[in-house]
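Below you'll find the structure, written out as structure tokens, and then a few comments.
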Amino acid sequence: MRKHLLFLLVAVTGFTAKALAQASDDNDRPPPEPVENLWFDTDELIYVPKYTLSTSMRALSGTSASFSGTGHIASPNVWVGPPTGYTSRGYQDGYVKVDGRTDSAGVPVNSADGKSNTWSYDYASQATIPTYIALHTYTADTLDSGGRTKDMGNSTGVEVAVSRDMGKLYKKITWSISAGVSMNDIRAAESTQVAATINTTTDLYSLYGMAAPAAGYVGPATTSQTVTGPNGQVVYSDPPTNSTPLTQLVDNTVLISAQPITRSYSSSVSDSAVTNHWEVKGAYLTFRAGSTFYYPITDKFRFSLGVGGALAYVGSTYSIDQLFTPNAADNKFDVIESLVQGTTAKATVGFYVDANLEYWMTDKTGFFAGATYQDSGSYTQHVQTVDTNYATRVDLSSLSGLSMGMNYKF
């Protein structure tokens, strides 16, 4: 037993001595050298958003359009042809067609008497010459080509933009590069009376000594007449009851010459016979790219200023509705209307300046509101035909307004 205790004591003593000797050696060693250039990428540990998506509503004013040009107006429903020949002719205030007389069997009577029973006229002023009827066609050539400018008022649109944080620029000022696209509409209209030369063609027809029927006449004209016998007694269609008198249609048409007796021309200038309704409408897509600078006001608020270039792609339709009242004295409601229009697409370049106040609810979401100014240039659109030349100049060079939207960092 004593041998075992002695052996255990010797072993413990040996281990202790060895441990103390090792500890003494460790104390004599120099301290370890620190590792140099030790670097950690904190972005790999904490993600810092670099991009911002902005969506906003923009209300812009300052867009205007000017209207100018001259045009020609003629009724599309007239067919007069040369003044000679037995053919149908249509006028603004009546017509004379090929004779439609027939015999009792309904067979056309190809009479060579130069007369027609198929005609009409509208107004009493056409029958001022006894036993004659005057029928007219009219055209108008506008003389007023002066420009008229119309402010389009506010145009509300939407914009989507993306910016990339470029870091600190100077002390507290940071900056980013940004690009966006927006859309706004174009709409302007104006109605004005314009001076015009009124050209009148007058064809005079003979009634062969007969008085003109009342205005609004349409021939051939027939009336219903009761049939009577040789002694003047009424003839009935249902003998022997004799309750329904027999009637027949009697042609009481006033015949007119089948071609004009004379044709004459006249011109006059009117300031009120023609009214033009001008309109341009469309939309423009704006691509913007530039830089935005930020200055923090508080932890939640910051001011931003953006500047850059703008490219606008514009599409528009220009229309002119020409309304011509040939003879107001006759109180005509059948106004001659002529519509001309054209479309175009243009690209214009310019610049923009934005100033906004931003409020950040969280680290990644915020609101902003501010003012914007944009110069997108101007363009001219033409509508031309053989006898029409109209133009409108759309000015997008002084656009200003307000914007409001949200920012999302990602």
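Taking my numbering, the leading residue of the sequence shown gets 2, the next gets one more, and so forth.
Idealized CB from N, CA, C, for every residue including glycine.
- Per DSSP, reduced to three states, the secondary structure at Gln-226 is strand.
- The beta carbon of Ile-262 lies closer than 7 Å to those of Leu-205, Tyr-206 and Ser-207 in the same chain, with the five residues before and after it left out.
- The C-beta separation of Val-97 from Ser-76 comes to about 16 Å, leaving the pair out of contact by the 8 Å criterion.
- By the beta-carbon neighbour count (other beta carbons within 10 angstroms, threshold 16), Thr-287 is buried.
- Note on geometry: alpha-carbon atoms of His-278 and Ala-190 lie some 7 Å from one another.
- With contacts defined as CB atoms closer than 8 Å, Tyr-285 and Asn-185 qualify as a contacting pair.
- With fewer than 16 other beta carbons inside 10 angstroms of its own, Arg-165 counts as exposed.
- Under the DSSP definition of a beta bridge, Ala-196 lacks any partner.
- Distance from the CA of Val-235 to the CA of Pro-221, rounded to the nearest whole angstrom, comes to 27 Å.
- If the five residues before and after Tyr-296 are omitted, its C-beta is found closer than 7 Å to the C-beta atoms of Lys-173, Ile-174, Arg-303 and Phe-304, all from its own chain and listed in chain order.
- Separation of the CB atoms of Val-341 and Ile-187 is rounded to 19 Å, and the pair is thereby denied contact status at 8 Å.
- Sixteen is the threshold: since fewer than 16 other Cβ atoms of the shown chains lie within 10 Å of the Cβ of Ser-273, the residue is exposed.
- Per DSSP, Lys-301 has no beta-bridge partner at all.
- For Gly-291, the closest of Gly-310, Leu-306 and Ile-298 by C-alpha to C-alpha distance is Gly-310.
- Straight across, the Cα-Cα distance linking Pro-83 with Thr-193 is about 35 Å.
- In this structure, DSSP gives Gln-323 an extended state, which the three-state scheme calls strand.
- Note that the segment 373–383 touches the segment 349–358; at least 3 beta-carbon pairs, one per stretch, sit closer than 8 Å.
- Excluding five sequence positions before and after Tyr-380, the CB atoms of its chain that fall closer than 7 Å to its own CB belong to Val-315, Lys-347, Thr-349 and Val-395, given in chain order.
- When DSSP states are grouped into helix, strand and coil, Ser-126 belongs to the helix group.
- At the C-beta level, Ser-177 and Thr-293 come within 8 Å of one another.
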